[in-house]
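Numbering (mature numbering (1 follows the signal peptide of the UniProt record, and there is no 0)), first residue to last: -33 to -1, 1 to 125. Cβ coordinates follow ideal geometry from the N, Cα and C atoms, glycine included. The structure appears right after this line, and notes come after that.
Okay, here's the thing in structure tokens:
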């Protein structure tokens, strides 16, 4: 006796389309969220970063997003870096443990250095950095100038 084989069933669109649409929507949402959280307007919305956002707005790098300098450029490295730094910032804000002067950690300095080199590598290729490890050791206030005294701010800056 011979068993008859059933032909393979075709997958129906009704089973494939919803997960595909969910995947597309999640991808678009993640891209929009990643881009939004890179911007100075988002970063400056927290009290702890309002001064940095203000000074950034007045700098030669004002057209760049904060994370063009402050996060890895590679997306695979950027996602966990942003998650860790964002969590640290949220914790400091919620617990009101924000220092008066925020100093970047070693990992942030290394990321910033890589981004300086990524954009300015042609002009810095002849610079010998024996005495200083990071570009920001000398160019400390790029793109953030020292705090602007309240008396010198315009009403729109407050």
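Cβ-Cβ distance between residue i and residue j below 7 Å
i, j, result
"residue 101", "residue 63", "no"
Backbone CA spacing between residue i and residue j [nearest angstrom]
i, j, result
"residue 143", "residue -22", "Past the boundaries of the shown model lies residue 143; the chain is included only from -33 to 125, so the question cannot be answered."
"residue 68", "residue 106", "17 Å"
"residue 34", "residue -18", "37 Å"
"residue 95", "residue 21", "32 Å"
"residue 93", "residue -12", "50 Å"
"residue 122", "residue 24", "Caution applies to residue 122, whose pLDDT of 45 falls short of 50 and renders its modelled position unreliable; the model cannot decide the point."
"residue 32", "residue 5", "6 Å"
"residue 98", "residue 27", "26 Å"
"residue 104", "residue -9", "43 Å"
Residues of its chain near residue i, where Cβ-Cβ distance is below 8 Å and the 5 sequence neighbours each way are ignored
i, result
"residue 85", "40"
Cβ-based burial, residue i [other Cβ within 10 Å; buried from 16]
i, result
"residue 30", "exposed"
"residue -1", "exposed"
"residue -3", "exposed"
"residue 108", "exposed"
"residue 140", "Summary: the structure shown does not reach residue 140, with the chain confined to residues -33 through 125, and so no result is reported for it."
Same chain, Cβ closer than 6 Å to residue i, five either side skipped, listed in chain order
i, result
"residue 45", "38, 39"
"residue 48", "38, 39"
"residue 7", "20, 23, 33"
Own chain residues within Cβ distance below 7 Å of residue i, not counting five before or after
i, result
"residue 89", "none"
Q.
With three or more C-beta pairs closer than 8 Å as the rule, is the segment 52 to 68 touching the segment 13 to 25?
A. yes
**Q.** Given 8 Å, three or more beta-carbon pairs between the segment 26 to 46 and the segment 77 to 90
**A.** yes
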